[in-house]
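One structure below.
Protein chains in written order, with my numbering: chain A, 2 to 395; chain B, 2 to 395.
Now the structure itself:
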């Protein structure tokens with residue numbers, strides 16, 4: 002379209018609009034393509050980790066919404082790649098822009114500052130959205146152990162073995178002794194409680210707010226000394242020899258790390274051990290990735306050393322801090338393969354967009370662990386210190 | 002003394018002074034005795050950890066100057082005990098007042114906030130006061146290895162063995178490979194550099210500001226690929242495979258934890274390992290114990306998890322955090338016995354007050370470690386993460 006002095010106001014406006022559109026589309030495409038190129042990723046290239054764009058709106062959607070746009074456009078089938086985990090790994094390890102920006106979800110950050118997103122009532126949201134999806138699909142994805150946290154691969158060949166080793170590692174780290182009373186904050190499908198009772202002769206009281214998980218866990222632990230409370234971890238009462246929180250900390254939010262530490266401290270006897278198992282961050286944030294927040298773990302958040310360190314002060318002696326983040330990469334890849342293999346069963350019920358969402362969740366997380374961008378921590382703390390010292394277990 | 006209406010002003014003044022003196026002396030005696038009793042410590046009692054007071058001014062001196070008064074009155078011979086380590090252990094584990102107060106050295110705290118006590122020029126002070134005391138006395142106290150940091154007792158029977166195991170533990174944790182270039186920040190008498198070069202075939206560049214230590218270290222490492230710089234750790238240049246800071250962090254002060262991390266980061270190649278070995282605190286402080294500050298480690302300070310965690314962010318992935326504080330209890334007791342056995346050699350040169358000062362230093366620190374009040378950390382960090390993960394070594 003050519004602009005002349007005799008053009009009508011409507012013509013001029015239309016011309017402006019068209020130019021603006023073209024500039025911003027080209028600008029976004031240029032900027033986003035550069036970001037990918039910087040990480041060794043080509044659009045329409047031939048490597049496993051390259052991107053095949055099916056819809057040109059892809060660039061604008063990422064440019065405007067970053068991680069949310071990247072994930073959503075994948076869910077909508079606007080782009081594909083052969084190895085999503087490798088693509089994400091490359092983005093995190095090679096590209097400075099992507100690395101530093103951390104998909105700056107400023108609105109999410111402000112929201113997180115203004116309200117306690119993990120108040121007892123709001124904490125229910127993740128229980129409904131995520132954990133109450135249906136136990137069958139989780140069983141098919143997670144395997145026999147129904148363990149929905151990082152497995153321990155040091156000496157294991159299969160996922161089930163690695164999960165059993167993880168549970169045993171936790172029991173050994175807590176120095177479980179026959180007859181001890183254990184408090185578990187957030188218990189998933191009861192896997193740890195069952196394992197600890199059957200293998201170490203302890204009693205377990207557990208707290209969980211997901212109805213489907215609690216029902217499943219109660220059935221699974223019938224007849225053995227396990228009590229599952231359908232209640233918030235902050236409602237825990239009593240005095241215990243040891244306390245475990247396995248995969249709970251990711252859900253409590255940074256405003257409640259102190260509450261979690263205080264509950265564990267209040268419920269522990271002197272010199273008792275508190276084991277915290279959590280995905281974690283290399284730096285302190287007060288918000289989560291917006292795509293994960295919207296689709297996978299509403300109100301979730303990953304703690305930093307500083308954040309845990311400051312809430313531990315005056316309560317615990319830190320005895321041991323173990324990082325085996327790369328084991329989560331392998332665990333997630335196993336989950337993905339299980340999920341993918343069983344997908345035909347769920348295809349009709351959940352639909353294609355769910356499949357792509359779930360695949361994006363598992364593979365992008367695997368890539369982030371592989372890039373060492375996020376970590377898996379087991380922190381052993383003790384109330385007033387273990388006299389004579391605590392010996393690390395691996 | 003009786004006060005009558007016809008008393009002279011001088012008489013009245015003298016009377017007031019005497020009453021005030023008596024009240025405050027009794028008040029202090031009552032308060033301090035209660036504190037000791039609360040920890041199961043009797044004044045003039047018969048247990049090993051009880052206190053025999055030789056000078057009644059003892060109570061007032063503690064009441065007014067807390068830890069400084071406690072240590073100084075011991076140096077002056079105002080009180081004694083059979084087992085100083087046990088006494089301190091009891092104070093830390095049983096007595097709430099002593100435990101919480103942390104000998105509140107408010108002036109020290111303000112001073113620490115106002116000035117950088119460990120600027121390059123001020124950092125020299127500890128080098129002169131402490132490390133330049135004379136190598137002979139240290140050799141007699143520390144044994145053949147000349148290691149002035151915590152030994153590792155897991156599999157050791159003697160101090161020399163435990164120190165060699167500590168050095169080997171550090172080398173194994175750093176995954177030292179033949180031909181690698183290692184930077185050591187603060188190198189003591191060169192023990193680690195010598196051990197690493199001789200046992201792992203690496204090259205070491207080290208930085209230290211104590212003249213006597215540097216001279217000794219240079220002699221000890223003549224003919225092997227070790228370069229000792231008489232310079233501040235902040236002057237380190239170049240790129241290295243691995244970086245170690247063994248017993249330096251206690252001297253740098255909380256304002257310089259970030260500088261220490263940045264030096265290590267700047268001098269490391271990608272994926273390189275930084276090992277930090279340090280005495281540490283259960284909580285964040287910006288000052289040190291005033292007695293230790295005055296007599297033993299001028300301008301020293303113990304880091305907390307929060308303080309190290311926040312200075313690590315954006316620079317390192319935390320790979321492993323090992324706490325073996327109770328090993329320092331045993332190390333200090335060995336040092337004390339060595340020091341005590343060799344004392345006749347030094348008696349004339351240093352005098353009785355030095356003996357009591359040094360004994361108080363070693364035994365009270367042993368008690369604090371035994372009480373789990375302070376810790377010994379080895380933190381392994383990596384630049385951008387070790388690809389595939391870091392396996393903990395113990």
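Virtual Cβ for every residue (Gly too), placed ideally from N, Cα, C.
Predicted model, so just to flag it, every value in this text is computed and none were measured.
For residue 33 of chain B, which residues in the same chain have their Cβ closer than 7 angstroms to its Cβ, ignoring the five residues on either side in sequence?
As a first step, residue 33 of chain B is located in the second chain; it is residue number 32 there, counting from the start. Answer for residue 33 of chain B: 60, 63, 64, listed in chain order.
Tell me whether the beta-carbon of residue 298 of chain A lies closer than 8 angstroms to the beta-carbon of residue 251 of chain A.
The residue you call residue 298 of chain A lines up with position 297 of the first chain. The residue you call residue 251 of chain A lines up with position 250 of the first chain. Yes, Cβ-Cβ distance for residue 298 of chain A and residue 251 of chain A is below 8 angstroms.
Touching or not, the region 208-219 of chain A and the region 170-188 of chain A, by the rule of three or more beta carbon pairs under 8 angstroms?
Yes, the region 208-219 of chain A is in contact with the region 170-188 of chain A.
Residues of chain A with a CB under 9 angstroms from the CB of residue 48 of chain B: which are they?
What you label residue 48 of chain B is simply residue 47 of the second chain in a count that begins at 1. Chain A residues near residue 48 of chain B: none, gap ~19 angstroms exceeds 9 angstroms.
Got a sec: is the Cβ-Cβ distance from residue 1 of chain A to anything in chain B below 8 angstroms?
Absent from the model: residue 1 of chain A. The displayed extent of chain A is 2 to 395, so no value can be given.
According to DSSP, simplified to helix, strand and coil, what is residue 295 of chain B?
On the second chain, residue 295 of chain B is found 294 positions in, with the first residue counted as 1. If DSSP states are grouped into helix, strand and coil, residue 295 of chain B belongs with the helices.
Excluding the 5 residues flanking residue 302 of chain A on each side, which residues of the same chain have their C-beta closer than 6 angstroms to its C-beta?
Residue numbering aside, residue 302 of chain A sits at position 301 when the first chain is read from its first letter. Same-chain partners within the cutoff: 254, 255, 289.
Would you verify that the beta carbon of residue 386 of chain A is, or is not, closer than 8 angstroms to some beta carbon of chain B?
Taking the first residue of the first chain as position 1, residue 386 of chain A is located at position 385. Residue 386 of chain A counts as touching chain B.
Can we say the region 214-224 of chain A touches the region 265-280 of chain A, given the rule of at least three CB pairs closer than 8 angstroms?
They do not touch, by the three-pair rule.
Sort A:83, A:243, A:201, A:68 by Cα distance to residue 267 of chain A and report the nearest one.
Here the question's residue 267 of chain A lines up with position 266 in the first chain. The shortest Cα separation from residue 267 of chain A among A:83, A:243, A:201, A:68 belongs to A:243.
Taking the straight line between their C-alpha atoms, what separation do you get for residue 107 of chain A and residue 68 of chain A?
As a position in the first chain, residue 107 of chain A is number 106, starting the count at 1. As a position in the first chain, residue 68 of chain A is number 67, starting the count at 1. Reliability of the predicted coordinates at residue 107 of chain A is poor, the pLDDT of 43 falling under 50, and no value is obtained from them.
What does DSSP give as the partner residue(s) for residue 28 of chain B in the beta ladder?
Residue 28 of chain B sits at position 27 when you count from the first residue of the second chain. Answer is none; residue 28 of chain B lacks a bridge partner.
Kindly indicate which residue of B:52, B:11, B:56, B:137 has the alpha-carbon position closest to the one of residue 343 of chain B.
As a working note, residue 343 of chain B is residue 342 in the second chain. The shortest C-alpha separation from residue 343 of chain B is found at B:137.
At a CB-CB cut-off below 7 angstroms, which residues of chain C make contact with residue 311 of chain A?
The displayed structure is made up of protein chains A and B, and chain C is not among them.
If you draw a straight line from the alpha carbon of residue 355 of chain B to that of residue 37 of chain B, how long is it in whole angstroms?
For the purposes of this step, residue 355 of chain B is taken as the residue at position 354 of the second chain. For the purposes of this step, residue 37 of chain B is taken as the residue at position 36 of the second chain. Cα-Cα distance, rounded: 26 angstroms.
By DSSP's criteria, residue 241 of chain B is part of a beta bridge. Which residues make up the other side?
Numbered from 1 along the second chain, position 240 holds the residue referred to as residue 241 of chain B. According to DSSP, residue 241 of chain B bridges with B:269.
Can you tell which of B:395, B:46, B:329, B:149 has the C-alpha that lies nearest to the C-alpha of residue 371 of chain B?
As a first step, residue 371 of chain B is located in the second chain; it is residue number 370 there, counting from the start. Per the Cα distances, B:329.
Under 7 angstroms Cβ to Cβ from residue 1 of chain B, same chain only, skipping five residues before and after it: list those, please.
No answer is possible for residue 1 of chain B: it lies beyond the span of chain B, which begins at 2 and ends at 395.
Measuring alpha carbon to alpha carbon, tell me which of A:161, A:159, A:201, A:153 ends up nearest residue 176 of chain A.
By 1-based counting over the first chain, the position of residue 176 of chain A is 175. Checking every option, the nearest Cα to that of residue 176 of chain A belongs to A:201.
Going along chain B in order, which residues have a C-beta closer than 8 angstroms to the C-beta of residue 209 of chain A?
Position 208 of the first chain, counted from the first residue, corresponds to residue 209 of chain A. What residue 209 of chain A touches in chain B: nothing, since even the nearest Cβ is about 29 angstroms away.
I want to see whether chain B comes within less than 8 angstroms of residue 251 of chain A, judged by CB atoms only; does it?
Translated into positions along the first chain, residue 251 of chain A becomes position 250. Answer no: the Cβ-Cβ gap between residue 251 of chain A and chain B never drops below 8 angstroms.
Based on Cα-Cα distance, which residue from A:374, A:292, A:232, A:226 lies nearest to residue 214 of chain A?
Position 213 of the first chain, counted from the first residue, corresponds to residue 214 of chain A. Residue 214 of chain A has its Cα closest to that of A:232, out of A:374, A:292, A:232, A:226.
Kindly list, in the order they appear in chain A, the residues whose Cβ is closer than 9 angstroms to that of residue 290 of chain B.
As a working note, residue 290 of chain B is residue 289 in the second chain. Here the premise fails: no neighbours, minimum Cβ distance about 18 angstroms.
Please go through the same chain and pick out, in chain order, the residues whose beta-carbon is closer than 7 angstroms to the beta-carbon of residue 384 of chain B, but skip the five residues on each side of it.
Here residue 384 of chain B corresponds to residue number 383 of the second chain, with the count starting at 1. These residues qualify, in order along the chain: 266, 269, 271, 272, 273, 317.
Measuring only between beta-carbons, confirm whether residue 318 of chain B sits less than 8 angstroms from chain A.
If you number the second chain from 1, residue 318 of chain B lands on position 317. Closer than 8 angstroms: yes.
I'd like the list of long-range same chain contacts for residue 56 of chain A, defined as Cβ closer than 6 angstroms, with 5 residues on each side in sequence excluded.
Numbered from its first residue, the first chain carries residue 56 of chain A at position 55. Excluding positions up to five away in sequence, the list reads 79.
Between residue 345 of chain A and the rest of its own chain, which residues show a CB-CB distance below 7 angstroms, the 5 nearest in sequence each way excluded?
Along the first chain, one-based indexing puts residue 345 of chain A at 344. So the list is empty, once near-sequence residues are dropped.
Measuring CB to CB, does residue 151 of chain A end up less than 8 angstroms from residue 377 of chain A?
Along the first chain, one-based indexing puts residue 151 of chain A at 150. Along the first chain, one-based indexing puts residue 377 of chain A at 376. Taking 8 angstroms as the Cβ cut-off, residue 151 of chain A and residue 377 of chain A qualify as a contacting pair.
Using a Cβ cut-off of 8 angstroms, which residues of the region 158-178 of chain B contact any Cβ in chain A, in chain order?
From the region 158-178 of chain B, no residue has a Cβ closer than 8 angstroms to chain A.
For residue 296 of chain B, which residues in the same chain have their Cβ closer than 6 angstroms to its Cβ, ignoring the five residues on either side in sequence?
For the purposes of this step, residue 296 of chain B is identified with residue 295 of the second chain, where counting begins at 1. Here the set comprises 358.
For a quick check, are the C-beta atoms of residue 277 of chain B and residue 198 of chain B less than 8 angstroms apart?
Position 276 of the second chain, counted from the first residue, corresponds to residue 277 of chain B. Position 197 of the second chain, counted from the first residue, corresponds to residue 198 of chain B. Going by C-beta atoms, residue 277 of chain B is not nearer than 8 angstroms to residue 198 of chain B.
Check each residue of the region 360-375 of chain B: if its Cβ is closer than 7 angstroms to any Cβ of chain A, include it; give the result in chain order.
For the region 360-375 of chain B, which is checked against every Cβ of chain A, the residues closer than 7 angstroms are 373.
How big is the Cα-Cα spacing for residue 245 of chain B and residue 361 of chain B?
Here residue 245 of chain B is taken as the residue at index 244 of the second chain, counted from 1. Here residue 361 of chain B is taken as the residue at index 360 of the second chain, counted from 1. When rounded, the distance between both Cα atoms is 30 angstroms.
Helix or strand or just coil, what does DSSP make of residue 334 of chain B?
Residue mapping note: residue 334 of chain B aligns to position 333 of the second chain, counting from 1. Correct three-state label for residue 334 of chain B: helix.
Return helix, strand or coil for residue 175 of chain A, following the three-state DSSP convention.
Locating residue 175 of chain A in the first chain gives position 174, counting from the first residue. The answer is coil: DSSP assigns residue 175 of chain A none of H, G, I, E or B.
Give me the Cα-Cα distance between residue 134 of chain A and residue 287 of chain B, rounded to the nearest whole angstrom.
If you number the first chain from 1, residue 134 of chain A lands on position 133. If you number the second chain from 1, residue 287 of chain B lands on position 286. Roughly 49 angstroms separates the two Cα atoms.
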